[in-house]
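Numbering (the numbering used here), first residue to last: 5 to 132.
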């Protein structure tokens, strides 16, 4: 399957929705509507770990759970990564997807083969 790369609408919101849209193969606006209707995000379009897990169940990926990651290394498992920018404990939270050697960072205009050194992965939802 060839995945769409979905860019978030602004630098400070929408990364979780964009990652969901990429997996669901919908536009950002279509996915935002689905997410709002189903409680996969809050009113400010932020997505927490529980909401992402519910979305993955909605996609048919049952019994998916996340594992913690130390942020010190770049994971190589296909999945959805939750992490922080600039500081593993206090940095701004962000969602990125990884599939077949490419990082789908919704802040960027296209997938990339290397994760930014300023991004620390702290949780991983593995999926096929």
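Glycine is no exception: its CB is placed at the ideal position from the N, C-alpha and C atoms. Bear in mind the structure is a predicted one, so any value in this text is a computation, not a measurement.
Straight through space, the alpha carbons of residue 111 and residue 117 are spaced by roughly 14 angstroms. According to DSSP, residue pairing for residue 14 in a beta bridge involves 17. With respect to the 7 angstroms criterion, residue 98 and residue 127 are not classified as neighbours on the basis of their beta carbons.
Only buried fits residue 26, as 16 or more other CB atoms lie within 10 angstroms of its CB.
A Cβ-Cβ distance of about 6 angstroms is found for the pair residue 96 and residue 88, placing them in contact under the 8 angstroms criterion. According to the DSSP assignment, residue 72 belongs to the beta strand (DSSP E) that extends over 70-72.
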